[in-house]
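Notes follow once the structure below has been shown.
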Amino acid sequence: MRVFLTGGTGFIGTPLATTLRRRGNEVVALVRSPAKGAALAAVGCELIEGTVTDTAALQRGMAGADAVIHAAGLYEVGIPKRRRPALFETNVEGTRRVMTAAADAGIARVVYVSTVNALGNTHGEVGDETTEHHGRYVSTYDETKHQAHEIAEQAARDGLPCVIAMPSAVYGPGDHSQIGVAIRLFLARRMPAVPLPGTGLSFVYLDDVVTGLVAVLDSGVLGEKYILSGENSTMRGLIETLASVTGRRAPRLDVPTGLLRLIAPLGPVVGPPMGMAPNIRELITAGDGVTYWARHDKATAELGYRPRSLIEGLRTMLAAQERP
């Protein structure tokens, strides 16, 4: 199978490309530059230089492809307003152009990598593929990924042979998200208190998401959605589980949300040293009392998807980081 992959240089895309190559797939990867795609070239991927909004590059990459995996996207929460256009350009317009190019190329199978965030705040409930978005966005990222998700759903209704995968909060070696930052701060003994401890996330280990995406590519029913989630917990739950794995003590204190609101105007200055994004106001709206909990029953039943527990995933991650 010849697969055209967007987002191949990303946190999920790189191990996904490597897995596809190891099992014998031809992989054509869209990259911003050959230098950024060096690791992909090293495992035998063919590189196409361009972006997801470059229709000509998409057409070149899809020529002769049997399948497309659209995994490219910007994942940023707590962004300054000046970053909003970039997220809309990549996440929304990029998805629109990929879906259009795939339809024009007559691609037989398209996998769109969405996110559980496309469901919105689940308000303490555990969502599934039937959960409908309530219409209120807590971050630019959520807004753009929900709109992109709708574009993919509409493309499928219009006849594109598309299946949607919805990973939840992915963690693992090399994670530069807020989850990864929190883990590194704790391991470095630089976390005296847990910020936004009640933020509800479904933590899923990177390798399990990659395995799930391959299963969606191979066996996902066209027109369907599959949640690739993990263990539902909170940010405090993450840190306490990490503490149990490492034998350290978890911080007893939480960062008061009121304090975060007070320092929010100074976000660009005080946020980065605290391991937080500069737009603290958006971090609060996207985290305070917000849950992104979801179940993966459908993917388990139909695709054999079985993610490991949070404690197992953290142990695996730490072991991987210790290897030379």
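Just so we're on the same page, the numbering used here is the position in the sequence shown counted from 1, plus 14. Yeah, the Cβ is synthetic: ideal placement off N, Cα and C, and Gly gets one too. Bear in mind the structure is a predicted one, so any value in this text is a computation, not a measurement.
State the Cα-Cα distance for the pair residue i and residue j, rounded to the nearest angstrom.
| i | j | result |
| --- | --- | --- |
| leucine 423 | arginine 322 | This structure gives no information on residue 423, because the portion of the chain shown stretches from 15 to 338. |
| isoleucine 277 | threonine 33 | 44 Å |
| glutamate 146 | arginine 203 | 40 Å |
| glycine 108 | valine 304 | 27 Å |
| proline 287 | aspartate 302 | 20 Å |
| tyrosine 319 | arginine 309 | 12 Å |
| glycine 194 | threonine 255 | 14 Å |
| threonine 213 | valine 259 | 21 Å |
| isoleucine 325 | alanine 70 | 45 Å |
| threonine 144 | valine 130 | 12 Å |
| glutamate 63 | glycine 22 | 12 Å |
| leucine 210 | proline 29 | 30 Å |
| isoleucine 298 | leucine 273 | 11 Å |
| alanine 229 | tyrosine 240 | 10 Å |
| alanine 315 | leucine 227 | 15 Å |
| leucine 61 | arginine 275 | 45 Å |
| cysteine 176 | valine 184 | 23 Å |
| arginine 37 | arginine 262 | 39 Å |
| glycine 51 | phenylalanine 25 | 13 Å |
| serine 247 | serine 191 | 17 Å |
Helix, strand or coil for residue i per DSSP?
| i | result |
| --- | --- |
| isoleucine 62 | strand |
| proline 200 | With the sequence shown as reference, residue 200 is identified as phenylalanine, and proline is not the correct amino acid for it. Phenylalanine 200: helix per DSSP, three-state reduction. |
| arginine 309 | coil |
| methionine 158 | According to the sequence as given, residue 158 is threonine; it is not methionine. Here threonine 158 sits in helix by DSSP. |
| valine 125 | strand |
| threonine 248 | strand |
| glutamate 254 | helix |
| arginine 263 | coil |
| leucine 88 | coil |
| glutamate 336 | helix |
| glycine 226 | helix |
| aspartate 189 | coil |
| isoleucine 325 | helix |
| arginine 320 | coil |
| leucine 130 | It should be noted that the sequence gives valine, not leucine, for residue 130. Valine 130: helix per DSSP, three-state reduction. |
| glutamate 167 | helix |
| alanine 291 | coil |
| lysine 95 | helix |
| aspartate 358 | The structure shown does not extend to residue 358, since the chain is modelled only from 15 to 338, so the question has no answer here. |
Once you ignore the five residues that flank residue i on each side, which residues in its own chain have a CB closer than 6 Å to its CB?
| i | result |
| --- | --- |
| isoleucine 197 | none |
| serine 128 | His163, Ile178 and Met180 |
| asparagine 39 | Met15 and Val17 |
| cysteine 59 | Ala31, Val41 and Ala43 |
| isoleucine 253 | Phe200, Val208 and Ala264 |
| threonine 271 | Asp302 |
| alanine 300 | Val91, Val152 and Ser153 |
| glycine 141 | Leu133 and Ala308 |
| glycine 237 | Ala170 |
Taking the continuous beta strand (DSSP E) assigned at residue i, which residues delimit it?
| i | result |
| --- | --- |
| proline 181 | 176-181 |
| arginine 36 | Looking at the DSSP string, arginine 36 is not in any beta strand (DSSP E); the run it does join, the alpha helix (DSSP H), is 27-36. |
| isoleucine 83 | 81-84 |
| serine 216 | 214-219 |
| arginine 98 | No beta strand (DSSP E) holds arginine 98; the alpha helix (DSSP H) holding it covers 98-101. |
Identify, in the order they occur along the chain, each residue of the same chain with its Cβ nearer than 7 Å to the Cβ of residue i, setting aside the five sequence neighbours on each side.
| i | result |
| --- | --- |
| glutamate 157 | Tyr151 |
| histidine 137 | Thr305 |
| alanine 116 | Met76, Val82, Val124 and Leu174 |
| threonine 67 | Glu103, Glu107, Gly108 and Arg111 |
| threonine 154 | Ile93, Arg98 and Leu101 |
| leucine 88 | Ala100, Leu101, Thr104 and Asn105 |
| proline 48 | Leu61 and Glu63 |
Within the same chain, show all residues whose beta-carbon is closer than 8 Å to that of residue i, passing over the 5 residues directly before and after it, in chain order.
| i | result |
| --- | --- |
| aspartate 80 | Met15, Arg16, Val17, Ile121, Ala122 and Arg123 |
| glutamine 73 | Ala115, Asp118 and Ala119 |
| proline 292 | Gly92, Ile93, Pro94, Gly281, Pro282, Gly285 and Pro286 |
| glutamine 335 | Pro187 |
| arginine 11 | Since the displayed the chain opens at 15 and closes at 338, residue 11 lies outside it and no answer follows. |
| proline 206 | Pro265 and Leu267 |
Along the alpha helix (DSSP H) that carries residue i, what are the first and last residues, could you check?
| i | result |
| --- | --- |
| glycine 272 | 271-277 |
| glycine 108 | 108-119 |
| glutamate 296 | 294-301 |
| valine 284 | 281-284 |
| proline 209 | Run containing proline 209: none in the alpha helix (DSSP H); it sits in the beta strand (DSSP E), 207-209. |
| arginine 74 | 69-76 |
| leucine 19 | First-last for leucine 19: 16-20, but that is the beta strand (DSSP E), not the alpha helix (DSSP H). |
Please find out if some non-hydrogen atom of the ligand ATP comes closer than 7 Å to the beta-carbon of residue i.
| i | result |
| --- | --- |
| aspartate 221 | The model on display carries no ligand, and the ligand ATP is accordingly not part of it. |
Practice item. Say whether the stretch 213-220 touches the stretch 325-338, bearing in mind that this needs 3 or more beta-carbon pairs closer than 8 Å, one atom from each stretch. Key: yes
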